[in-house]
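**Student:**
Protein chains in written order, with the numbering used here: chain A, 3 to 328; chain B, -6 to 215.
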């Protein structure tokens, strides 16, 4: 049963006017980390009572306003676990590899190219992106395809804000996210597991959905590199691998784009990858999940259809055979 | 500094039962190392964010390590000419079974909620679980029949039965390979597969089937 409720807003009703508020003052740049301790009580991190992130990855604060419409009662996963247990194959296949090696990635300066089926192809730097909209904080469930899950307070704004900016043409049916490639800083690129760069994608209506978030921070701070600094997406009703990290390019396309895990193992990972307890992965069941941070003896939790966001997203898949389009 | 190394006039001697009695407790303690490490990591928060996943994987790897060590006894005792090393083999084999059993137990409770129906479903539906089960069941039979009593009772067929360890080892590496197949991450399964291949080939070599004389027969016409 969904634990959050909000009225479903069709993408067509999302107006572009809200896009134009430049709110750079919300952001305090890196170096304000010392002030973070004092300001902690005013931020989501303070509310949630986070533990300290690994010192090597300490980043500046990212001011964001909690959005009560996207809040969960679930206990958030500790900041330590969120930033120490990651899949980010550019840094290696081990869950600890990203935290170990991602510090070498250069997340500044950073630009995101927006190209393809848009009226205004643009290259935005991080300040442009941060200034597009007010930062809000939302607590989302994250369900990994490997049958573990977390509850994470992200900071950012809806991806639709950015996409409306660049005015997709009528041909734009899909959005592709391309993760950065930095060979000298990403030891995992030596493994040819993925045909780098890592690419992911969404259908246009999925990308414009108000739940789909462009994320710049977690736990009230700028994203640690291993979580996809400086900018990533969060698509909470899909398995985690759909949420591309450290995005360097966003392409709007007419045809369904290739996505990395789908091309590695098409029988195991589909394009849609909606969280679905009734469609098992060939090598394990998706009916239950292990909530990270729980007791070693805690039973597994039941996985919810669309990760519990069915009320908001199920309409987009009406009439689709979700066993076929897994 | 006193040196324990043998002097130049020391001659190699065969290790005696007394030597083995001294080595065995050490090997036993080494065999407990993975278990003690988990306990240590458990109390110091070192099992990471997902302890069940860590323990399932770690127990599987250590089971494979112990199995490979068990299979290395025969070639090593021939290589270094110390037949009495054989006396370590049962203990190592039982350690291999011990860690395999923990691996199965961890899977049963953390992945399948301890439900026999869920476990059976997994065995039927997923090839890596099927192959793992096919390795585990005969291994349990070998562990049970590892005692002196069973050796006596089974007589000559004991050796035949226990030769199934070669099949068990191949199934174990195959299981590991299947586990990793989804991520195209085969380095470790290949490593264990290569070690296993060397250990099995060493036996064939010993039997003369692969002796150089067979492969490269002397040219009789010359």
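Think of the CB as a built atom: it goes at the ideal place given N, C-alpha and C, for glycine as much as any other residue.
(1) At what residues does the alpha helix (DSSP H) containing residue 208 (chain A) begin and finish?
(2) Between B:197, B:122, B:85, B:38, which lies nearest to residue 100 (chain B) when the distance is taken from Cα to Cα?
(3) Counting contacts by CB-CB distance shorter than 8 Å, is residue 18 (chain B) in contact with chain A?
(4) Please check if any C-beta of chain B sits within less than 8 Å of the C-beta of residue 117 (chain A).
(5) On a CA-only basis, which of A:299, A:297, A:312, A:284 is nearest residue 176 (chain B)? Give me that one, please.
(6) Just checking, does the segment 99 to 119 of chain A make contact with the segment 225 to 236 of chain A on the three C-beta pairs under 8 Å criterion?
(7) Taking residue 131 (chain A) as part of the alpha helix (DSSP H), name the residues at either end of that continuous run.
(8) Per DSSP, what kind of secondary structure is residue 250 (chain A) in: helix, strand or coil?
(9) Run down chain B in chain order and give the residues with a C-beta less than 7 Å from the C-beta of residue 294 (chain A).
(10) Return the Cβ separation of residue 98 (chain A) and residue 41 (chain B) in integer angstroms, given the expectation that the two are a contact with Cβ distance under 8 Å.
(11) Spatial neighbours of residue 187 (chain A) within its chain, please: CB distance less than 6 Å, with the 5 preceding and 5 following residues excluded, ordered by chain position.
(12) Which same chain residues, not among the five before or five after residue 144 (chain B), have their C-beta less than 7 Å away from its C-beta?
(13) For residue 187 (chain A), does the three-state DSSP call read helix, strand or coil?
(14) Quick one: is residue 50 (chain B) near chain A, going by C-beta distance under 8 Å?
(15) Quick check on the burial criterion: 16 or more other C-beta atoms within 10 angstroms. Buried or exposed for residue 39 (chain B)?
(16) Can you name, in chain order, every residue of its own chain whose Cβ lies under 6 Å from the Cβ of residue 293 (chain A), other than the five neighbours on each side?
(17) Using only the alpha-carbon positions, how far apart do residue 197 (chain B) and residue 156 (chain B) sit?
(18) Roughly how many angstroms lie between the CA atoms of residue 84 (chain A) and residue 101 (chain A), to the nearest whole one?
(19) So, under 8 Å CB-CB, residue 176 (chain A) and residue 255 (chain A) are touching, yes? Tell me the CB distance rounded to an integer number of Å.
(20) Among residues of its own chain, excluding the 5 on either side of residue 190 (chain B), which ones have a beta-carbon nearer than 6 Å to its beta-carbon?
(21) Hey, does residue 119 (chain B) have any beta-carbon neighbour from chain A nearer than 8 Å?
(22) Would you say residue 238 (chain A) and residue 216 (chain A) are within 8 Å of each other, going by their C-beta atoms?
(23) Is it buried or exposed for residue 7 (chain B), if we count other Cβ within 10 angstroms and need 16 for buried?
(24) Could you give the DSSP three-state label for residue 217 (chain B): helix, strand or coil?
**Tutor:** Let me lay it out:
(1) By 1-based counting over the first chain, the position of residue 208 (chain A) is 206. Element bounds for residue 208 (chain A): 206 to 209.
(2) What you label residue 100 (chain B) is simply residue 107 of the second chain in a count that begins at 1. Checking every option, the nearest Cα to that of residue 100 (chain B) belongs to B:122.
(3) In the second chain, counting from the first residue as 1, residue 18 (chain B) sits at position 25. Judged by the 8 Å Cβ criterion, residue 18 (chain B) is not in contact with chain A.
(4) Residue numbering aside, residue 117 (chain A) sits at position 115 when the first chain is read from its first letter. By this cut-off, residue 117 (chain A) is not an interface position.
(5) On the second chain, position 183 is the one that residue 176 (chain B) refers to. For residue 176 (chain B), the nearest C-alpha among the options comes from A:284.
(6) Put simply, the segment 99 to 119 of chain A touches the segment 225 to 236 of chain A. At least three CB pairs are less than 8 Å apart.
(7) Within the first chain, numbered from 1, the residue matching residue 131 (chain A) stands at position 129. Residue 131 (chain A) -> alpha helix (DSSP H) spans 128 to 133.
(8) One-based indexing of the first chain puts residue 250 (chain A) at position 248. The three-state reading of DSSP puts residue 250 (chain A) in strand, counting E and B together.
(9) Against the first chain, residue 294 (chain A) aligns to sequence position 292. Per Cβ cutoff of 7 Å: 42, 43.
(10) On the first chain, residue 98 (chain A) is found 96 positions in, with the first residue counted as 1. On the second chain, residue 41 (chain B) is found 48 positions in, with the first residue counted as 1. About 7 Å separates the two Cβ atoms, so the contact holds.
(11) Taking the first residue of the first chain as 1, we reach residue 187 (chain A) at position 185. Hits under 6 Å: 106, 107.
(12) Translated into the one-based positions of the second chain, residue 144 (chain B) becomes position 151. 151, listed in sequence order.
(13) Counting from 1 along the first chain, the entry for residue 187 (chain A) is found at position 185. Note: residue 187 (chain A) maps to coil in three-state DSSP.
(14) Position 57 of the second chain, counted from the first residue, corresponds to residue 50 (chain B). Put simply, the CB of residue 50 (chain B) is far from chain A, with every gap to its CB atoms at 8 Å or more.
(15) For the purposes of this step, residue 39 (chain B) is taken as residue 46 along the second chain, with counting starting at 1. It counts as exposed.
(16) Position 291 of the first chain, counted from the first residue, corresponds to residue 293 (chain A). Result list for residue 293 (chain A): 151, 303, in chain order.
(17) The residue you call residue 197 (chain B) lines up with position 204 of the second chain. The residue you call residue 156 (chain B) lines up with position 163 of the second chain. Roughly 14 Å separates the two Cα atoms.
(18) Walking along the first chain from the start, residue 84 (chain A) turns up at place 82. Walking along the first chain from the start, residue 101 (chain A) turns up at place 99. Going from the Cα of residue 84 (chain A) to the Cα of residue 101 (chain A) covers about 10 Å.
(19) For this step, residue 176 (chain A) is matched to residue 174 along the first chain. For this step, residue 255 (chain A) is matched to residue 253 along the first chain. Contact between residue 176 (chain A) and residue 255 (chain A) holds: CB atoms are separated by about 5 Å, below the 8 Å threshold.
(20) On the second chain, position 197 is the one that residue 190 (chain B) refers to. Taken in chain order, the list of residues that qualify is empty.
(21) Position 126 of the second chain, counting from 1, holds the residue named residue 119 (chain B). Closer than 8 Å to some Cβ of chain A, the Cβ of residue 119 (chain B) qualifies, so yes.
(22) Translated into the one-based positions of the first chain, residue 238 (chain A) becomes position 236. Translated into the one-based positions of the first chain, residue 216 (chain A) becomes position 214. Annotated as distal: residue 238 (chain A) and residue 216 (chain A), with beta-carbon spacing of 8 Å or more.
(23) To locate residue 7 (chain B), count along the second chain from 1; it is residue 14. Under this definition residue 7 (chain B) is an exposed residue.
(24) The question about residue 217 (chain B) has no answer, for chain B in this structure spans -6 to 215.
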